[in-house]
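Listed below in structure tokens is the structure:
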């Protein structure tokens with residue numbers, strides 16, 4: 116687990132559980148998106164599944180990356196490691212499940228891939244959770260975005276957590292633990308993950324893991340200003356930084372920053388609202404193209420959420436600079452602009468047209484800037 120950054124508490128708890136020989140069968144890993152919960156779950160699975168797991172010279176349990184078990188995990192072919200996520204529906208034998216929009220993890224998917232039983236297409240599935248481990252050591256089930264389990268799926272899962280199979284471990288990864296049933300919480304050990312500090316984020320950037328995607332820039336191509344913004348935008352979440360790079364959010368920043376500056380200088384950039392709508396729409400198109408059966412509406416909302424985060428980071432920077440310079444006028448404008456941004460988020464959540472929301476936001480920001488002049 117030496118590659119896990121900034122989550123010393125989580126690593127210590129898991130190492131302690133492993134060395135004690137009393138490993139709880141069910142875990143909840145909760146915390147902000149992109150801070151290493153799933154990565155840690157995979158590292159935990161490596162320790163659990165490999166009979167060659169042994170203490171290193173420092174006393175920490177570690178694995179030999181050359182073992183057959185580790186190579187199978189790297190290749191995604193270990194028969195006793197099961198990763199459950201909503202996208203698995205695309206590979207279902209159930210046509211109704213296969214063609215549905217990917218919005219949650221329904222009970223049919225959980226029955227088909229993990230818990231067994233009869234699904235809505237009247238097929239009966241053997242429970243993967245209750246099979247003997249194919250390699251004879253242990254089985255691990257990681258449920259990613261576990262908050263997306265519908266209520267029926269959670270109640271069905273609860274029965275297995277109450278009477279767990281031997282040598283079988285469940286890790287529920289979630290950024291919204293409050294959406295999990297209290298009875299699920301009561302059956303699990305809960306580890307809370309936190310956002311990384313600046314030193315850990317810099318260490319992550321220095322690894323060169325912030326790579327380019329279809330619309331992004333490689334970290335090596337970022338100037339100091341863009342990298343500083345990306346660190347601020349990620350807010351301690353390497354996964355968010357990686358996604359921002361992959362989907363070209365640095366380009367969003369470069370496109371929107373001069374428009375915000377124009378506002379601050381008392382000029383109204385007429386393309387501001389249109390630009391915000393276009394960037395979100397391009398993100399949603401790219402996302403749905405890369406993820407079969409992904410909901411365009413859900414992708415639009417995700418894209419808008421990312422854009423709001425980006426705009427918020429710009430405004431926070433304006434506010435910090437104004438406070439440092441003791442510029443009361445600019446400080447009040449930044450605070451008013453943040454209020455308008457929060458209002459736009461609330462409007463979008465009520466299903467008001469995205470284009471109208473962004474056009475309205477642009478007008479309101481213009482009024483904020485004019486009011487300070």
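Residue numbers (the working numbering): 116 to 488.
The beta-carbon is built from N, C-alpha and C at its ideal position, and this holds for glycine as well.
Could you say which of the options lies nearest to residue i if we only look at CA atoms?
i: residue 152; options: 404, 461, 441, 355; result: 355
i: residue 254; options: 457, 139, 196; result: 196
i: residue 390; options: 368, 170, 382; result: 368
i: residue 251; options: 271, 164, 319, 316; result: 164
i: residue 320; options: 293, 422, 353; result: 353
i: residue 433; options: 375, 312, 402; result: 375
i: residue 159; options: 231, 283, 270; result: 283
i: residue 316; options: 124, 186, 351; result: 351
i: residue 133; options: 444, 161, 147; result: 161
i: residue 154; options: 422, 479, 119; result: 119
i: residue 344; options: 313, 233, 167; result: 313
i: residue 394; options: 383, 377, 370, 409; result: 370
So, helix, strand or coil for residue i, using DSSP?
i: residue 407; result: coil
i: residue 354; result: helix
i: residue 420; result: helix
i: residue 486; result: helix
i: residue 194; result: coil
i: residue 176; result: strand
i: residue 233; result: strand
i: residue 256; result: strand
i: residue 170; result: strand
i: residue 119; result: coil
i: residue 245; result: helix
i: residue 368; result: helix
i: residue 206; result: helix
i: residue 335; result: Low per-residue confidence applies at residue 335: pLDDT is 47, beneath 50, and the placement is therefore not dependable, though the value from the model is reported in the following sentence. Three-state result, residue 335: helix.
i: residue 299; result: helix
i: residue 188; result: helix
Taking the C-alpha atoms as reference points, what is the distance between residue i and residue j?
i: residue 213; j: residue 241; result: 19 Å
i: residue 388; j: residue 192; result: 47 Å
i: residue 385; j: residue 458; result: 21 Å
i: residue 333; j: residue 188; result: Residue confidence for residue 333 is low, a pLDDT of 45 falling below 50, so the modelled location carries little weight and cannot support an answer.
i: residue 245; j: residue 225; result: 13 Å
i: residue 342; j: residue 116; result: 27 Å
i: residue 296; j: residue 261; result: 11 Å
i: residue 237; j: residue 230; result: 15 Å
i: residue 266; j: residue 222; result: 8 Å
i: residue 289; j: residue 232; result: 25 Å
i: residue 157; j: residue 293; result: 23 Å
i: residue 307; j: residue 145; result: 5 Å
i: residue 185; j: residue 419; result: 39 Å
i: residue 469; j: residue 392; result: 7 Å
i: residue 477; j: residue 208; result: 47 Å
i: residue 449; j: residue 431; result: 8 Å
i: residue 339; j: residue 324; result: 17 Å
How far does the beta strand (DSSP E) with residue i in it reach, from first residue to last?
i: residue 289; result: 283-289
i: residue 305; result: 304-307
i: residue 453; result: Premise fails: residue 453 lies in the alpha helix (DSSP H), 443-464, not in any beta strand (DSSP E).
i: residue 141; result: 141-145
Is residue i a contact residue of the ligand GDP, with contact defined as CB to any heavy atom under 7 Å?
i: residue 179; result: The ligand GDP is not part of this structure, which contains no ligands at all.
With residue i as the anchor, note down where its alpha helix (DSSP H) starts and where it stops.
i: residue 276; result: 266-277
i: residue 153; result: 152-164
i: residue 468; result: Note, residue 468: premise wrong, no alpha helix (DSSP H); not H, not E.
i: residue 261; result: Neither: residue 261 is in no alpha helix (DSSP H) and is coded neither H nor E.
i: residue 224; result: 222-225
i: residue 318; result: 313-321
Answer yes or no: does any C-beta atom of chain C fall closer than 8 Å to that of residue i?
i: residue 132; result: The displayed structure is made up of one protein chain only, and chain C is not part of it.
Q: Evaluate contact between the segment 199-208 and the segment 164-181, counting only Cβ atoms and requiring at least three cross-stretch pairs below 8 Å.
A: By the Cβ rule, the segment 199-208 does not count as touching the segment 164-181, because fewer than three pairs are nearer than 8 Å.
(Q) Using a Cβ distance threshold of 8 Å, determine whether the segment 116-130 contacts the segment 269-283, with at least three qualifying pairs required. (A) Contact between the segment 116-130 and the segment 269-283 is absent: fewer than three C-beta pairs spanning the two stretches fall below 8 Å.
Q) Using 8 Å as the Cβ pair cut-off and three pairs as the minimum, do the segment 133-151 and the segment 296-307 touch? A) Contact between the segment 133-151 and the segment 296-307 is present, because at least three Cβ pairs lie under 8 Å.
Q) Touch check for the segment 439-457 and the segment 409-417: three-plus C-beta pairs under 8 Å? A) No, they do not touch.
Q. Should the segment 426-433 be regarded as contacting the segment 445-465, the criterion being three or more beta carbon pairs within less than 8 Å?
A. A contact between stretches requires three or more CB pairs, one per stretch, nearer than 8 Å, and the segment 426-433 meets this requirement with the segment 445-465.
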